[in-house]
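Asker: Below: one structure in structure tokens.
Residue numbers (the numbering used here), protein chains in the order written: chain A, 64 to 413; chain X, 1478 to 1581.
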């Protein structure tokens, strides 16, 4: 686990917020323009929505790729940007953006990573993926004290009477990992079927059969307790019966949802949670901050991966002017330019 | 053709419905905010709705995939569906639905 200790700043040319398909392709376009990048993403892997929402679903509208899955698109983009050696900072939320005395941008993540660059490119799609919170009245008062949506320290759950909610891999993985150290675990899920690795489901069922844990088929309708400390959850089963289940910790895993998050406080103009941009450069109202992909808006905008790729190319041209003010922009094709081919590592001379 | 959609505040709104559109698209086009984060590919649960029981028999049963995705919604009942998975046709003219938790 990364602590919250602030680390010494890392300098680069451009900070890309979001490692989805558009953020990844931005590395390519910036790379051709001799702009080096660091990427920050709250997920623990590249791909954004392609990785989180539809890794196995087919995409049919990528030019010249009749069909590929979200996972395949991500893999191919990673392969395509390999020559540019991007640096990734996964599992981190871009939290604070400020100007340094030298006029660069300083981005600080929630893990304490500090990146400094003259240019910031926001390619954050629908925002940050954050855990879904159950719509239970008053649950906020318990969050971070006795109700959690992720496990930061396993010790937090040692000797606890723990309720884990959910029916996916996260819920089952933590049931299996925490069962040896918790005092008692009850898994609560709305139905007696689980969308998780068959091996995990088998292990969980074995623990239930041994009497090492409980499984309740129900919805959690309220939390009881005082001063942020939970004492029970109220369950509502399929027969509409209510009953209380005593516990002192609740871990809820209902999947992820997208929220704009700290980007809203970066000081750039927003329109209905989207970032208006100039369509010649994809720059925001703040010079040297760009926005590409699903997170931007302009007349005629279509939220397609395809649009994001186009936006990345135009953005890169303007970024080149900021990063290399002494150089003249030269429009070139990868097919014919030995300069670009050298950058891609495909030239005969290389 | 119409459908009647009750939002999270309990206000019912009449929406113009187009054949072959998903109910999610009809809701969005009708100006009722609905997250529908994955864009209608049955890959999230942010278009959770309740279908009025009187109309349920006119709609094909949910697929295994849809039932699985509903694990990511809240207060799921026998009437819960993902609006992106219900394709509107003329037999559904007048259908009543209600937005569910997690859809806004």
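Glycine included, C-beta positions come from ideal geometry on N, C-alpha and C.
Would you kindly check if the distance between the Cβ of residue 1497/X and the Cβ of residue 1564/X is under 9 Å?
Answerer: For residue 1564/X and residue 1497/X, yes; Cβs fall inside 9 Å.
Asker: Could you compute how far the alpha carbon of residue 80/A sits from the alpha carbon of residue 100/A?
Answerer: If you take the alpha carbons of residue 80/A and residue 100/A, they lie about 10 Å apart.
Asker: Starting from the Cα of residue 305/A, find the closest Cα among 404/A, 311/A, 357/A and 281/A and give me that residue.
Answerer: Ranking the options by Cα distance to residue 305/A, first place goes to 281/A.
Asker: Looking only at its own chain, which residues have a Cβ that is under 7 Å from the Cβ of residue 336/A, when we skip the five neighbours before and after it?
Answerer: Closer than 7 Å at the Cβ level, and outside the excluded window around residue 336/A, lie 323.
Asker: Alpha carbon to alpha carbon, what distance is there between residue 363/A and residue 284/A?
Answerer: Going from the Cα of residue 284/A to the Cα of residue 363/A covers about 43 Å.
Asker: Quick one: does residue 1553/X have its CB under 9 Å from some CB of chain A?
Answerer: It does; some Cβ of chain A falls within 9 Å.
Asker: Can you look up residue 140/A in the DSSP assignment and give me helix, strand or coil?
Answerer: The answer is helix: DSSP assigns residue 140/A an H, G or I state.
Asker: Would you check if the region 366–378 of chain A and the region 115–126 of chain A touch, i.e. whether three or more CB-CB distances between them fall below 8 Å?
Answerer: A contact exists between the region 115–126 of chain A and the region 366–378 of chain A.
Asker: Count the other C-beta atoms from every protein chain shown that fall within 10 angstroms of the C-beta of residue 96/A, then say buried if there are 16 or more, exposed otherwise.
Answerer: The residue is buried, with at least 16 neighbouring Cβ atoms inside 10 Å.
Asker: Who pairs with residue 54/A in a beta bridge, going by DSSP?
Answerer: The displayed coordinates of chain A run from 64 to 413. Any statement about residue 54/A would go beyond what the structure contains.
Asker: Tell me the start and end of each unbroken alpha helix (DSSP H) in the region 92–128 of chain A that is at least 4 residues and wholly inside, in chain order.
Answerer: As far as the region 92–128 of chain A is concerned, its whole alpha helix (DSSP H) runs of at least 4 residues are 112–115.
Asker: Name, in chain order, the residues that DSSP records as bridge partners for residue 1527/X.
Answerer: Answer is 1557/X and 1575/X, bridged to residue 1527/X.
Asker: Could you tell me which whole alpha helix (DSSP H) segments of length 4 or greater appear in the region 181–268 of chain A?
Answerer: Counting only runs of 4 or more, we get 232–241.
Asker: What are the residues in the region 1502–1527 of chain X lying within 9 Å of chain A by C-beta distance?
Answerer: Here the close residues are 1512, 1514, 1515, 1516, 1518, 1519, 1520, 1521, 1522 and 1523.
Asker: With a 10 Å radius around its C-beta and 16 neighbouring C-beta atoms as the bar for buried, classify residue 262/A as buried or exposed.
Answerer: So residue 262/A counts as exposed.
Asker: Say whether chain A places a C-beta atom closer than 9 Å to the C-beta of residue 1529/X.
Answerer: It does not: the Cβ of residue 1529/X has no partner Cβ on chain A nearer than 9 Å.
Asker: With a threshold of 8 Å, are at least 3 pairs of Cβ atoms found where one atom belongs to the region 106–118 of chain A and the other to the region 137–144 of chain A?
Answerer: Verdict: yes, contact present.
Asker: So, does the region 1549–1561 of chain X touch the region 190–204 of chain A, judging by three or more C-beta pairs under 8 Å?
Answerer: Taking 8 Å as the limit for Cβ pairs, the verdict is that the region 190–204 of chain A does touch the region 1549–1561 of chain X.
Asker: Using only the alpha-carbon positions, how far apart do residue 162/A and residue 204/A sit?
Answerer: Approximately 35 Å between the Cα atoms of the pair.
Asker: Any idea what DSSP makes of residue 389/A, helix, strand or coil?
Answerer: Coil, per DSSP.
Asker: Is it right to say residue 159/A is buried, meaning 16 or more other beta carbons lie within 10 angstroms of its own, or is it exposed?
Answerer: Exposed, because fewer than 16 other Cβ atoms sit within 10 Å of the Cβ of residue 159/A.
Asker: Any Cβ of chain X within less than 9 Å of the Cβ of residue 336/A?
Answerer: No, residue 336/A does not count as interfacial toward chain X.
Asker: Taking DSSP as the reference, what is the three-state secondary structure of residue 148/A?
Answerer: Coil.
Asker: Please report whether the beta-carbon of residue 1487/X lies at a distance below 9 Å from any beta-carbon of chain A.
Answerer: Closer than 9 Å: no.
Asker: Distance check for residue 405/A and residue 413/A, CA to CA, integer angstroms please.
Answerer: With a pLDDT of 46 at residue 413/A, under the threshold of 50, the predicted position of this residue should be treated as unreliable, and no value is reported.
Asker: Check each candidate in 1491/X, 1486/X and 1557/X and name the one with the smallest Cα separation from residue 1480/X.
Answerer: Comparing Cα positions, the closest option is 1491/X.
Asker: Among 1499/X, 1509/X and 1495/X, whose alpha-carbon lies nearest the alpha-carbon of residue 1482/X?
Answerer: Nearest option by C-alpha distance: 1509/X.
Asker: Assuming contact is defined by CB atoms lying nearer than 9 Å, are residue 303/A and residue 343/A in contact in what I supplied?
Answerer: For residue 303/A and residue 343/A, no; Cβs fall outside 9 Å.
Asker: Can residue 102/A and residue 148/A be called in contact, C-beta distance under 9 Å?
Answerer: Their beta carbons are not under 9 Å apart, which means residue 102/A does not touch residue 148/A by this criterion.
Asker: Roughly how far, in whole angstroms, is the beta-carbon of residue 314/A from the beta-carbon of residue 214/A, given that I think they are within contact range, below 8 Å?
Answerer: Correct: roughly 7 Å between the Cβ atoms.
Asker: Determine the contact status of residue 1545/X and residue 223/A, defining contact as a CB-CB distance below 9 Å.
Answerer: No, they are not a contact pair.
Asker: With the cut-off set at 9 Å, would you say residue 1511/X and residue 1580/X are in Cβ contact?
Answerer: It is a contact, given that the beta carbons lie within the stated cut-off.
Asker: Residue range of the alpha helix (DSSP H) that residue 407/A falls in?
Answerer: From DSSP, the alpha helix (DSSP H) with residue 407/A extends over 401–407.
Asker: Is there at least one Cβ from chain B nearer than 9 Å to residue 1571/X's Cβ?
Answerer: Checking the listed chains, one finds no chain B in this structure; the protein chains it contains are A and X.
Asker: If you run the structure through DSSP and keep just helix, strand and coil, what is residue 370/A?
Answerer: Of the three classes helix, strand and coil, the one that applies to residue 370/A here is helix, per DSSP.
Asker: So, are the CB atoms of residue 200/A and residue 225/A less than 9 Å apart?
Answerer: Not a contact, by the Cβ cut-off of 9 Å.
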